[in-house]
Amino acid sequence: MQEVSSITEPHTSGSRWFMTTEDKVTLSCLILAMHTHWEEISVMDERNTPMRSYQVCNVMEANQNNWLRTRHIPRDGAQRVYIEIKFTLRDCNSLPGVPGTCKETFNMYYYESNNPNLWFIKESQYVKIDTIAADESFTQTDVGDRVMKLNTEVRDISNLSKKGFYLAFQDVGACIALVSLRVFYKKCPTAVLNLAQFPDTVTGGDSALVEVRGSCVNDSEEFEAPRMYCSADGGWLVPIGRCVCKPGFEESKDYCQPCRPGTYKASSMDGYCSKCPPHSYSHQEKASECECEKGFYRADMDPRSMACTRPPSVPENPISTLNDTSVTLEWSPPRDSGGRGDVTYNIHCRKCPGDGRKCSPCGSGVHFLPRQFGLSMAKVLVSDLLSNTNYTFSIEAVNGVSDLSPTLKQQVTVNITTGQTVSVILKERKSKDSITLAWQGPDRPNGAIVEYEVIYYEKNQRDQNYTVLKTKSNVMTVEGLKPGTTYVFRVRARTDGGYGSYGGEIELETSHEGELPPASSCSEGISKIFMLSLMVSTFTCCRHCGYIKAKQDPDEEKMQFQHGRVKLPGSRTYIHPHTYEDPNQAVRDFAKEIDASSIRIERVIGAGEFGEVCSGRLKLPSKREIYVAIKSLKAGYSEKQRRDFLSEASIMGQFDHPNIIRLEGVVTRCKPVMIITEYMENGSLDTFLKKHDGQFTIIQLVGMMRGIASGMKYLSDMNYVHRDLAARNILVNSNLVCKVSDFGLSRVLEDDPEAAYTTRGGKIPIRWTAPEAIAYRKFTSASDVWSYGIVMWEVMSYGERPYWEMSNQDVIKAIDEGYRLPAPMDCPVVLHQLMLDCWEKSRSERPKFGQIVNTLDKLIRNPNSLKELGNLTDFSKLLSFRVVWCEMAHCRETYQCRFLISLQWW
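See below:
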């Protein structure tokens with residue numbers, strides 16, 4: 001809204017502004033070379049208000065030049081001034097006997113000056129504003145009827161720069177009366193916008209905009225310098241920047257008002273005051289944060305909008321599993337997390353020697369995996385414990401405010417005792433192909449004894465092969481041995497708390513061919529007793545084609561180990577279920593049977609090839625309840641469908657690795673038949689990445705890829721080929737741990753690690769499959785490496801479809817011609833190079849999974865190597881790739897948009 005300010009003095013004519021009488025005096029002294037005929041006349045208007053005017057009507061004489069000048073008018077800083085004049089003018093034709101020199105116009109001039117007291121101004125010094133003509137003139141008749149036709153004209157003067165100016169009116173032979181003169185300028189009025197106040201501002205000259213800096217209103221501060229432009233017509237234009245209310249205040253129209261009690265505003269960037277978060281309060285106005293209630297806290301890094309929280313309660317349901325001189329501790333999360341999601345766990349360890357000495361901290365000799373403090377998972381492996389020693393482990397849960405609480409942290413304790421002494425009794429009765437062992441249980445067992453484990457091998461051949469036997473009895477007859485051969489035996493016990501240590505070695509020799517057993521062996525029975533002291537022992541196996549056979553009691557279990565290097569008992573080469581004459585035997589050998597009453601199904605989470613997939617809970621005796629995924633076999637299945645369904649369990653049951661989906665067991669003795677696996681909260685990797693696009697750091701993404709590579713290294717070391725490695729077949733748990741799953745397409749390899757196994761046909765996932773596997777149906781661990789490179793690309797592109805909308809045939813052709821997927825957006829150069837290495841055409845030139853794991857470990861230890869991004873480093877290859885694709889797909893126009901959008905180049 002424009003505002004008008006007059007700069008002439010008011011007189012007695014209401015809203016009009018007039019020249020003062022002093023101007024007449026001034027004009028009388030400024031006659032320019034001739035006598036002026038302007039006269040001041042006082043009359044009454046229609047309201048009987050005195051009105052003065054200046055008149056001139058000397059039309060009977062030619063060559064009139066009558067001047068009327070104002071006094072000095074200050075401009076008050078205005079660069080443009082408007083002049084409004086109201087006047088009457090008589091029609092020359094209504095004047096009888098008037099010569100032809102009569103005029104119906106007059107001229108208006110101005111002169112700028114810093115001197116307010118000029119008495120004389122030359123006519124040539126004036127600047128003409130305009131020649132003023134009347135829109136309407138009056139006649140003699142109008143005078144008689146007292147009808148005065150008033151004209152109003154407005155003119156302006158621009159670019160004024162001096163202190164003031166004079167106005168002058170020149171009559172050149174007209175009959176005219178000046179009724180009023182109003183001189184004014186325009187300004188932009190005071191305004192408040194975006195909490196910034198802008199003062200009265202005089203408009204600029206011509207059409208120029210005047211930039212004005214605003215000032216923030218009370219209790220506000222600048223967010224961006226507030227500015228506006230004052231236009232020539234007195235209006236505000238183009239608001240820029242703004243002010244925001246300070247913490248503790250909120251905006252209310254054009255000012256900031258304080259937050260009411262019970263509310264707060266922590267940042268000036270917040271719009272309005274908010275209600276105090278749970279467990280906090282504010283009793284006064286203007287609160288920038290709410291104080292926490294007693295017993296609740298807020299960490300320094302917590303946002304002020306976060307509820308006040310408290311330390312977590314104690315962890316629950318601790319379980320210990322002892323294995324030789326190591327123990328696995330597991331527990332349930334605290335029932336009360338304190339209202340936070342950053343709960344971690346600390347393990348405190350104390351050892352108490354069996355000789356009665358005082359307990360002391362465990363010290364640096366005991367190792368914790370993954371760590372002792374700051375655990376994110378409710379599980380830890382403690383190794384390098386001393387034999388025959390009592391240990392107390394205290395588990396405490398902490399969160400971000402635990403250190404702020406004055407109360408002691410709550411802990412749950414677990415007590416274990418390492419070292420179980422097993423007495424082995426050798427019976428004299430032996431034969432050429434068998435030996436009988438008997439033993440007594442440990443003196444101080446760490447729980448009820450579940451079974452015994454016996455390991456034996458031929459003397460001096462430990463590194464070639466060995467056999468592990470398991471039995472619930474404390475007597476065992478080992479048969480099928482070689483005559484006249486010395487064997488080495490070791491025994492250990494397993495209790496509810498886990499395995500004890502292996503005892504010392506005992507060497508026993510079978511009888512020679514034709515040798516009769518000593519008479520004493522049948523009559524005396526037991527002749528020697530050996531005490532096995534506890535010690536840690538490790539066995540490794542080299543490649544060997546044969547294995548030792550032994551007859552066992554019905555309760556015994558036997559495991560044969562061959563093909564590949566084995567570091568600990570329990571690791572072995574993968575055995576495909578199809579090699580079994582009875583596939584059901586494979587299920588019994590590799591999958592644990594679970595009682596259906598231990599399973600509680602909660603909800604359906606998907607559908608598989610053979611039936612529904614549900615989530616639920618599994619509670620086994622002496623074990624804590626865990627979440628599981630449950631695959632069920634739909635009703636009406638054939639025997640072949642049942643075998644195929646359970647074959648995946650036979651495969652999964654052979655694997656034990658943190659990055660391989662874990663099999664909990666199967667249900668085969670009742671319907672429905674079920675496979676029970678660990679539950680992965682975040683589902684498949686591709687869907688998870690799409691849902692959280694752009695939300696992870698490079699290190700987090702590399703950590704995911706490292707986990708997948710570690711799992712694949714484990715499978716490769718077991719001579720196992722996955723054949724369908726893709727992000728859709730990787731599952732993610734709540735801790736972002738990635739685990740390889742879906743083993744339906746796997747095939748076993750021959751001894752030669754470079755040998756390939758021909759599939760029996762079926763569909764092949766072209767976009768993830770190596771060229772040699774597509775062309776010749778040959779699959780190796782090297783083809784899995786190719787697929788792993790595609791998975792890396794999926795991870796870095798957050799679940800983008802490989803090769804976008806290209807057809808399978810176009811993908812095959814492009815790869816054959818040497819084209820490879822470009823680096824995803826924000827992908828480090830070193831990671832894209834590792835992808836390219838995985839996509840080498842020659843499978844022998846691709847890295848092994850062990851090399852990939854080492855490479856990713858180095859990148860994680862040196863994050864600076866991930867800073868160089870590769871989005872634009874291979875632009876020429878990318879354009880070439882685009883052109884080839886266009887030519888193959890025959891869709892140039894459509895492709896050019898779809899391809900560039902999918903790559904997010906623009």
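Under the UniProt record's numbering, the first residue of the sequence shown is numbered 1, with each subsequent residue one higher. A virtual CB, placed ideally from N, CA and C, is assigned to each residue, including glycine.
Apply the 10 Å Cβ neighbour rule to Pro370 and answer buried if 16 or more other Cβ atoms are within range, or exposed otherwise.
Pro370 comes out exposed.
Residues bridged to Ile594 (per DSSP)
According to DSSP, which records beta bridges pairwise, Ile594 is partnered with nothing at all.
Buried versus exposed, by CB contacts within 10 Å (16 or more), His722
Buried, since its Cβ has 16 or more Cβ neighbours within 10 Å.
Answer yes or no: do Ser783 and Ala773 have a C-beta to C-beta separation smaller than 7 Å?
Taking 7 Å as the Cβ cut-off, Ser783 and Ala773 qualify as a contacting pair.
Simplified DSSP assignment, three categories, for Val829:
Under the three-state reduction of DSSP, Val829 is assigned to helix.
For a quick check, are the C-beta atoms of Thr413 and Thr436 less than 7 Å apart?
No, they are not a contact pair.
Ordered along the chain, which non-local residues of its own chain (more than five positions away) have a Cβ less than 8 Å from that of Arg340?
Around Arg340: Thr309, Pro312, Asn399, Gly400 and Val401.
Got a sec, what are the start and stop residues for the alpha helix (DSSP H) Trp793 sits in?
Per DSSP, Trp793 belongs to the alpha helix (DSSP H) from Ser781 to Met796.
Residue nearest to Ser597 in terms of C-alpha spacing, selected from Ile605, Gln585, Ser638 and Arg669:
Of Ile605, Gln585, Ser638 and Arg669, the residue nearest in Cα terms is Arg669.
For the region 30-84, list the beta strand (DSSP E) runs that are entirely contained and at least 3 residues long, ordered along the chain.
Those beta strand (DSSP E) runs which fall completely within the region 30-84 and span 3+ residues are 39-44, 50-56 and 66-69.
What is the DSSP secondary structure of Met674, reduced to helix, strand or coil?
Correct three-state label for Met674: strand.
DSSP state of Tyr264 mapped onto helix, strand, coil:
Of the three classes helix, strand and coil, the one that applies to Tyr264 here is strand, per DSSP.
What's the C-alpha gap between Tyr297 and Gly818?
In this structure, the straight-line span from the alpha carbon of Tyr297 to that of Gly818 is close to 60 Å.
Cβ-Cβ distance between Ser511 and Lys623 below 7 Å:
No. Outside cutoff.
In this structure, does DSSP put residue 956 in helix, strand or coil?
The structure shown does not extend to residue 956, since the chain is modelled only from 1 through 906, so no value can be given for it.
Element boundaries [alpha helix (DSSP H), containing residue 919]
Look at the range of the chain in this structure, 1 to 906, and you will see that residue 919 is not part of it.
Using the C-alpha atoms, what's the distance from Lys459 back to Lys482?
Lys482 and Lys459: Cα-Cα distance of roughly 12 Å.
Report buried or exposed for Thr697, applying the criterion of at least 16 other Cβ atoms within 10 angstroms of its Cβ.
Taking all protein chains shown into account, Thr697 has fewer than 16 neighbouring C-beta atoms within 10 Å of its C-beta and is therefore exposed.
Rounded to whole angstroms, what is the Cα-Cα separation between Ile675 and Tyr637?
Whole-angstrom Cα-Cα distance: 15 Å.
Can you tell me the Cα-Cα spacing of Met712 and Thr467, whole angstroms?
Those two C-alpha atoms are separated by around 27 Å.
Taking the straight line between their C-alpha atoms, what separation do you get for Val380 and Ala196?
Distance between Val380 and Ala196, taken at the CA atoms: about 60 Å.
Would you grab the beta carbon distance between Ile708 and Val740 for me? Rounded to a whole angstrom, and I think it's under 8 Å.
About 7 Å separates the beta carbon of Ile708 from that of Val740, a gap short enough to meet the 8 Å contact definition.
With C-beta atoms as the reference, is Met108 less than 7 Å away from Phe169?
Phe169 sits close to Met108, with the two beta carbons spaced by under 7 Å.
Which value, in whole angstroms, describes the spacing of the CA atoms of Cys349 and Ile416?
Cys349 and Ile416: Cα-Cα distance of roughly 11 Å.
Beta strand (DSSP E) segment containing Leu856, residue limits
Note, Leu856: premise wrong, no beta strand (DSSP E); alpha helix (DSSP H) at Phe849 to Arg861.
For a test of the three-state rule: what should DSSP assign to Glu772, helix, strand or coil?
Glu772: helix per DSSP, three-state reduction.
Consult DSSP for Ile699 and reduce its assignment to one of helix, strand or coil.
DSSP places Ile699 in helix when its eight states are reduced to three.
Please state the DSSP three-state secondary structure of Cys838.
In the three-state DSSP reduction, Cys838 falls in the helix class (H, G or I).
Specify the secondary structure class of Pro621 as computed by DSSP and reduced to three states.
Here Pro621 carries a coil assignment [DSSP, helix/strand/coil].
In chain order, each beta strand (DSSP E) run of at least 3 residues that lies wholly inside the region 96-124:
List check, beta strand (DSSP E) in window: 105-113.
According to DSSP, what are the bridge partners of Asp156?
Asp156 is bridged by DSSP to Tyr82.
Assumed close pair Ile73, Val154 - CB separation to whole angstroms, cut-off 8 Å
About 16 Å; that fails the 8 Å criterion.
Leaving out the 5 sequence neighbours to the left and right, which residues in its chain are closer than 7 Å to Ala649 when beta-carbon positions are compared?
For Ala649, where only same-chain residues beyond five positions count, the Cβ hits under 7 Å are Val587, Ala591, Leu663, Val666 and Ile675.
Could you tell me the distance, in whole angstroms, from the CA atom of Pro828 to the CA atom of Gly799?
When rounded, the distance between both Cα atoms is 17 Å.
How should Ser282 be labelled, buried or exposed, when 16 other C-beta atoms within 10 angstroms of its C-beta is the threshold for buried?
Buried, by the Cβ-count rule.
Helix, strand or coil: which one does DSSP assign to Leu329?
Per DSSP, reduced to three states, the secondary structure at Leu329 is strand.
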